[in-house]
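Residue numbers (UniProt numbering): 1 to 136. Please read the structure below before turning to the comments.
Okay, here's the thing in structure tokens:
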């Protein structure tokens with residue numbers, strides 16, 4: 001019997017077995033998309049040792065308020081950034097994000113106004129004002 005279907009924003013636990021360390025099971029916020037595949041940000045692939053060659057992952061949906069609270073406050077992936085084993089980060093910027101960061105921070109890179117506006121609209125604290133252009 002299905003009590004309710006998963007909706008955007010639900011707290012879920014993602015797991016890849018064998019669960020050899022704490023970060024083999026991490027909490028995420030769900031974003032329901034079409035098709036029967038599980039997708040997640042490339043930055044969190046390292047703790048799962050996911051290499052996209054047919055990896056099997058498990059998804060567990062929180063079914064009680066207690067479980068949702070545990071996922072939110074203890075298991076969400078931003079709270080799992082540092083490994084307890086080596087006290088080092090286990091996640092980081094990879095592939096396209098890393099390349100874009102390197103490209104946009106070069107001295108001779110200039111953005112068109114529409115691209116700058118599209119990037120700035122994702123900032124949660126942006127006041128709507130475009131920064132003054134600076135040519136060095």
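Glycine residues also receive a C-beta, built at the ideal position from the N, C-alpha and C atoms. Keep in mind it's a predicted model, so treat the numbers as computed, not measured.
Any idea what DSSP makes of residue i, helix, strand or coil?
i: residue 26; result: strand
i: residue 21; result: coil
Checking 8 Å against the spacing of the C-beta atoms, do residue i and residue j come in under that value?
i: residue 77; j: residue 27; result: yes
i: residue 43; j: residue 9; result: no
i: residue 49; j: residue 79; result: no
i: residue 151; j: residue 32; result: Outside the modelled stretch of the chain, which goes from 1 to 136, sits residue 151, for which no answer is possible.
i: residue 81; j: residue 90; result: yes
Please classify residue i as buried or exposed, where buried requires at least 16 neighbouring CB atoms within 10 angstroms.
i: residue 110; result: exposed
i: residue 137; result: Because the chain spans 1 through 136 in this model, residue 137 falls outside it and cannot be assessed.
i: residue 14; result: buried
i: residue 125; result: exposed
i: residue 137; result: Residue 137 falls outside the range modelled here, since the chain spans only 1 to 136, and no answer is possible.
i: residue 25; result: buried
Quick one: does the C-beta of residue i sit closer than 7 Å to a heavy atom of the ligand SAH?
i: residue 67; result: You won't find the ligand SAH in this model; it holds no ligand whatsoever.
Inter-stretch contact (C-beta, 8 Å, three-pair minimum) for the stretch 72-90 and the stretch 21-35 | The stretch 72-90 vs the stretch 21-35: in contact.
Taking only runs that begin and end inside the stretch 103-133, name each unbroken alpha helix (DSSP H) of 4 or more residues, in chain order.
-> Fully enclosed alpha helix (DSSP H) runs of no fewer than 4 residues occupy 113-120 of the stretch 103-133, in order along the chain.
Quick one: any contact between the stretch 94-109 and the stretch 47-59, if contact means 3 or more CB pairs under 8 Å?
-> Flag = no, the stretch 94-109 and the stretch 47-59 do not touch.
Which ranges does the alpha helix (DSSP H) cover as unbroken runs of at least 4 residues, wholly within the UniProt domain "RNA polymerase N-terminal" (1-105), from first to last along the chain?
-> Listed in chain order, they are 45-48, 65-70, 95-104.
Are there three or more Cβ pairs, one per stretch, closer than 8 Å when the stretch 113-122 is compared with the stretch 57-71?
-> Not touching, per the Cβ criterion.
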